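Please read the structure below before turning to the comments.
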Amino acid sequence: MREPRIAIVTGANNGIGFETAIGMAKAGYHTVLACRSEAKGQTAMADMKKRVPDGQFTLLLLDLSDFDSVRSFAAAFREQFDHLDVLINNAGVLDYSGRKAGNGYELQLMTNHLGHMLLTSLLLDMMPDMRESRIVSLSSVAHRGAKIHFDDIHCEHVEGVAAYSQSKLACLLFGDELDKKLRAAGREILSLSVHPGGSDSGLFDDMSRMQYYLMKIIAPLITHSNASAAQPALHAALSPNVKGGDYYGPQGFKELRGKVGPAERDASAKDPAAARRLWEVSEELIGEKFRL
Ligand SMILES: NC(=O)c1ccc[n+]([C@@H]2O[C@H](COP(=O)([O-])OP(=O)(O)OC[C@H]3O[C@@H](n4cnc5c(N)ncnc54)[C@H](OP(=O)(O)O)[C@@H]3O)[C@@H](O)[C@H]2O)c1
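Just so we're aligned, residue 11 is where the sequence shown starts under the working numbering, counting upward by one.
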C-alpha cells in the first residue's frame, strides 16, 4: 500500500465518528476529520492527539447538507493529498421537525445519503484499485420497516422518524449498489455497510425532553459505548476478512450492543430494484452522474 495510508471520517468530531477516527489513527492511517464546525473539529482533534500522541490528523471542513461545501471539501482534499485509502461515511443527523437543507431537500436524505453519495463520487478516482481501499456506509437498525418514498422523496407527507429511517435505508442500498457497480466494472475497491447498534451520542439531542431523559435512563442498559459502536465501521474498514457488499453490526440483544458480526437486513434492504432506482433518483437530485 502507498504510505502514508489515508482515511477520511465524516462527522468525526463527536460520538461514533470520534471513536472511529481514533481507531483509524491507531491503525496507522493519517486521518482526515471531515467536520462542519471548525471549533468543534479543532477541539476533537486536540482530544484525539491526547489519545493517540503519534497519530496524524488533519481537519477539513465539510457540510454534507450543502453540495457546494461537499465540492469544496473534495477540492481541498485533492490539494493536500494524492490518494485516499478509506472513506467512512459516518456523519448523520436525526431530525424530528421536518427540517430542510438550504436547497429545500429533506435534511436527513440530503445529509445522510445524498451528500455522502456526491462525496464518494468526487473522491473515488483517488482510491487505489485494491481490496484495502474501502468505502464504509453507516446505516442503522432504524432501516428496518423503512421504505424509500419514491413518490414523496422529501417526506412531505411522512411522520416522525420515517424520514430518518428512509435515509438510513438509502445509505445501505447505496453501499450495496456501489459495490455491485464496482464489481461490474472489474474494480478491487470494496464498498461495505455497517450499523453501530445503539449508543448515547449526540444523535438524540433534538428529542423531546421527556424522550431524551427516558433514553438517558434506558440507553446504558441496552446499548453500548461510542467506542464499541465504532467497531463495526473499523472492522469494515480494516479487516482482511470482509467482502464487498457485506453488512456488519453488533451481535448482542436486538443488535444494539456487542461484538461485531454479520448484521440482519430487512427485506427492504434486499431489493436490488429499489437500490437501482434509488441510485438513479439520487443522481437526478444531485444533478450529475456518479463518477465510477
Ligand atoms: N448513536 C446511535 O445509536 C446510532 C444508531 C444507528 C446509527 N447511527 C449512525 O451513526 C452515525 C454517527 O452518529 P452518532 O450517533 O455518532 O451521532 P452524533 O454524536 O450526533 O454525531 C454525528 C456527527 O455527524 C455530524 N454532522 C451532522 N450533520 C452534518 C452535516 N450537515 N455535515 C457534516 N457533518 C454533520 C455531526 O456534526 P456536529 O457535531 O457539528 O453536529 C457529528 O459530528 C450516524 O450516521 C448515525 O445515523 C447512530
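Don't be surprised by glycine CBs; every beta carbon is placed ideally from N, CA and C. It should be emphasised that the depicted structure is a prediction, and the values quoted were computed from it without experimental measurement.
In this structure, ligand 1 has a non-hydrogen atom nearer than 7 Å to the beta-carbon of residue 26. If you check the C-beta of residue 121 against ligand 1, you find a heavy atom less than 7 Å away.
For residue 96, the CB stays at least 7 Å from every heavy atom of ligand 1. Comparing alpha-carbon positions, the option among 110, 217, 97, 60 lying closest to residue 75 turns out to be 110. Residue burial is scored here from C-beta neighbours: residue 269 has fewer than 16 other C-beta atoms within 10 angstroms and is therefore classed as exposed. Annotated three-state conformation of residue 94 is coil, per DSSP. A direct Cα-Cα distance of roughly 14 Å separates residue 55 from residue 36. Inclusion of residue 103 and residue 130 in the CB contact set at 8 Å is not warranted, their separation being larger than that value. Nearest neighbour of residue 191 by Cα position, chosen from 242, 296, 145, 64, turns out to be 145. In this model, residue 264 and residue 177 are separated by some 21 Å (Cα to Cα).
Of the candidates 183, 138, 134, the residue whose Cα lies closest to the Cα of residue 275 is 183.
For the stretch 95 to 141, the continuous alpha helix (DSSP H) assignments of 4+ residues that do not extend past its boundaries occur at 125 to 133, in sequence order. For the alpha helix (DSSP H) assignment, the uninterrupted runs of no fewer than 4 residues enclosed by the stretch 169 to 257 are, from N- to C-terminal side, 172 to 194, 219 to 232, 236 to 239, 241 to 248. Looking at the DSSP output, residue 17 sits in a beta bridge with 41, 96. Assignment of beta-bridge partners to residue 270 by DSSP yields 260. Judged by DSSP in its simplified three-state form, residue 296 adopts helix. Contact check between the stretch 128 to 142 and the stretch 150 to 160: fewer than three CB pairs, one atom from each, fall below 8 Å, which does not count as touching.
For residue 61, the enclosing alpha helix (DSSP H) stretches over residues 48 to 61.
The straight-line gap separating the alpha-carbon atoms of residue 260 and residue 26 is approximately 14 Å. Inter-residue distance for residue 32 and residue 218 is about 31 Å (C-alpha atoms, whole angstroms). The Cβ atoms of residue 205 and residue 278 lie no closer than 8 Å to each other. Under the 8 Å Cβ criterion, the stretch 197 to 212 counts as touching the stretch 227 to 238, having at least three qualifying pairs. Look at residue 163 here: in three-state DSSP terms it is coil, with no helix or strand label. Not one heavy atom of ligand 1 lies closer than 7 Å to the C-beta of residue 110.
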